[in-house]
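Colleague: Counting in my numbering, the sequence shown runs from 36 upward without gaps.
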Amino acid sequence: MTVSSPAIPPGTQHKPLFKTVLVANRGEIACRVIRTLRALGIASVAVYSDPDAGARHVREADRAVRIGPAAAAESYLNIGAIIRACRDTGAEAVHPGYGFLSENVDFARALEAAGITFIGPGVESLNIMGDKIRSKNHVAGYGVPVVPGIAEPGMTDAQLMEAAAAVGFPLLI
Numbered sequence: 036m037t038v039s040s041p042a043i044p045p046g047t048q049h050k051p052l053f054k055t056v057l058v059a060n061r062g063e064i065a066c067r068v069i070r071t072l073r074a075l076g077i078a079s080v081a082v083y084s085d086p087d088a089g090a091r092h093v094r095e096a097d098r099a100v101r102i103g104p105a106a107a108a109e110s111y112l113n114i115g116a117i118i119r120a121c122r123d124t125g126a127e128a129v130h131p132g133y134g135f136l137s138e139n140v141d142f143a144r145a146l147e148a149a150g151i152t153f154i155g156p157g158v159e160s161l162n163i164m165g166d167k168i169r170s171k172n173h174v175a176g177y178g179v180p181v182v183p184g185i186a187e188p189g190m191t192d193a194q195l196m197e198a199a200a201a202v203g204f205p206l207l208i
């Protein structure tokens with residue numbers, strides 16, 4: 036099996052947007068981002084929790100920073116720890132990968148406040164599309180077909196029972 040990585044066409048002038056990017060994820064997605072950064076001439080910073088100290092993404096990155104213990108809430112979801120890792124390493128931007136903080140508008144806002152670029156959708160897009168109910172209602176407002184159902188936040192048990200009867204079964208809550 037051959038693995039290819041992005042390449043800059045020969046003869047093309049290329050000046051990276053950033054010198055250093057922190058990859059706020061782990062596993063295969065982090066490895067792919069790290070390889071792409073390397074191909075673009077950008078230094079990478081991996082973050083890791085205690086059990087991931089010897090993980091492949093940590094070994095492949097140019098630098099690695101411990102951000103906490105095993106629990107994701109205390110490591111990969113710890114916004115303060117990730118911002119500290121950026122400051123400690125001089126990372127100018129964060130690539131969130133997917134999952135974890137990739138759709139977290141509070142994370143994007145915190146990076147913006149710290150002067151660090153979030154590589155992903157803008158804050159307003161995250162605000163709308165990062166919440167499943169809000170995003171469904173948003174696109175439905177433009178006539179985009181959505182899965183039939185009720186998409187209202189904060190429904191009571193009685194309201195859920197009434198909505199279930201109206202929507203029909205099977206039911207996904």
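Ideal Cβ positions, reconstructed from N, Cα and C, are used throughout, including at glycine. Computed from a predicted structure; not experimentally measured.
Among Ala81, Phe204, Ala106, which residue has its Cα nearest to the Cα of Pro183?
Modeller: To locate residue 183, count along the sequence shown from 1; it is residue 148. Ranking Ala81, Phe204, Ala106 by Cα distance to Pro183 puts Phe204 first.
Colleague: How should Glu83 be labelled, buried or exposed, when 16 other C-beta atoms within 10 angstroms of its C-beta is the threshold for buried?
Modeller: Residue 83 sits at position 48 when you count from the first residue of the sequence shown. Here residue 83 is Tyr; the residue named in the question, Glu, does not match the sequence. So Tyr83 counts as buried.
Colleague: Leaving out the 5 sequence neighbours to the left and right, which residues in its chain are closer than 7 Å to Pro188 when beta-carbon positions are compared?
Modeller: Numbered from its first residue, the sequence shown carries residue 188 at position 153. Only Ile168 meet the Cβ criterion.
Colleague: On the CB-based measure, 16 or more other CB atoms within 10 Å of its CB, does Pro131 come out buried or exposed?
Modeller: Position 96 of the sequence shown, counted from the start, is the residue given in the question as residue 131. Looking at its Cβ environment, which holds 16 or more other Cβ atoms inside 10 Å, Pro131 is buried.
Colleague: When DSSP builds the beta bridges, which residues end up paired with Ala128?
Modeller: Translated into the one-based positions of the sequence shown, residue 128 becomes position 93. Val56, Thr152, per the DSSP bridge assignment.
Colleague: Alpha carbon to alpha carbon, how far is Leu136 from Ile114? Give it in angstroms, no decimals.
Modeller: Translated into the one-based positions of the sequence shown, residue 114 becomes position 79. Translated into the one-based positions of the sequence shown, residue 136 becomes position 101. Their backbone Cα atoms lie some 8 Å apart in a straight line.
Colleague: With a cut-off of 8 Å, do at least 3 Cβ pairs link the segment 84-100 to the segment 62-70?
Modeller: Segments in contact, yes.
Colleague: Of all the options Gly76, Arg101, Pro180, Ile77, which has the alpha carbon lying nearest to the alpha carbon of Ala88?
Modeller: Locating residue 88 in the sequence shown gives position 53, where the first residue counts as 1. Ranking Gly76, Arg101, Pro180, Ile77 by Cα distance to Ala88 puts Arg101 first.
Colleague: Would the segment 69-79 and the segment 46-61 be scored as touching if the rule is three or more Cβ pairs under 8 Å?
Modeller: In short, these stretches touch, since the Cβ pair count reaches three.
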